[in-house]
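Enquirer: Before I ask anything, let me first share the structure, which is written out below as structure tokens.
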Amino acid sequence: MYNDLKQLYWWSVCQQVKSKHQVPSGLLQPAMLEWKWDKVTMDFVSGLPLSPKKKDVVWVVVDRLRKLHRVPVSILSDRDSRFTSRFWKKLQEALGTRLNFS
């Protein structure tokens, strides 16, 4: 079947004159993280089934290096109003955590 399709639909000229539309990408560079819990990402996951306490939202915080418990040096999050509120900014300022928004 492959040979039948190849005979009907293969145009060798297309491969010869195919132009390059993108610059070749360079080698991948790993992101260097300084230490565990220095960088975290976070978001709220909503729309979940209601818990016994009538909650349908989960706050997800992920350490970008490994899972440990400590106050992070910086937090990367979206611009959700909960992360841009005055309370949140003051709390992170008191903890010495830098806020970064995606």
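If you read the sequence shown in the working numbering, its first letter stands for residue 57, the second for the next number, and so on. Think of the CB as a built atom: it goes at the ideal place given N, C-alpha and C, for glycine as much as any other residue. Keep in mind it's a predicted model, so treat the numbers as computed, not measured.
Buried or exposed for Ser133, going by 16 or more other Cβ atoms inside 10 Å?
Expert: Buried, by the Cβ-count rule.
Enquirer: Can you have a look at Pro86 and say buried or exposed, based on whether 16 or more other CB atoms are within 10 angstroms of its CB?
Expert: Its Cβ having fewer than 16 others within 10 Å, Pro86 is exposed.
Enquirer: For the candidate residues Pro128, Val129 and Leu155, whose alpha-carbon lies nearest to that of Ser141?
Expert: Closest by alpha carbon: Leu155.
Enquirer: Taking 7 Å as the cut-off, decide whether the C-beta atoms of Lys95 and Arg135 are in contact.
Expert: Not closer than 7 Å, so no.
Enquirer: Measuring only the C-alpha atoms, how far is Phe100 from Glu149?
Expert: If I take the Cα positions, the gap works out to 21 Å.
Enquirer: Under the three-state reduction of DSSP, which class applies to Arg142: helix, strand or coil?
Expert: Correct three-state label for Arg142: helix.
Enquirer: So, is Pro80 buried or exposed, given that buried needs 16 or more other C-beta atoms within 10 angstroms?
Expert: Exposed, since its Cβ has fewer than 16 Cβ neighbours within 10 Å.
Enquirer: With Asp60 as the anchor, note down where its beta strand (DSSP E) starts and where it stops.
Expert: No beta strand (DSSP E) contains Asp60, which is instead part of the alpha helix (DSSP H) from Tyr58 to Tyr65.
Enquirer: Assign Pro105 to buried or exposed, taking buried as 16 or more other Cβ atoms, counted over all protein chains shown, within 10 Å of its Cβ.
Expert: Classification for Pro105: exposed.
Enquirer: Which residues mark the beginning and the end of the beta strand (DSSP E) in which Thr50 is found?
Expert: No statement about residue 50 is possible, as the shown extent of the chain runs from 57 to 158 and does not include it.
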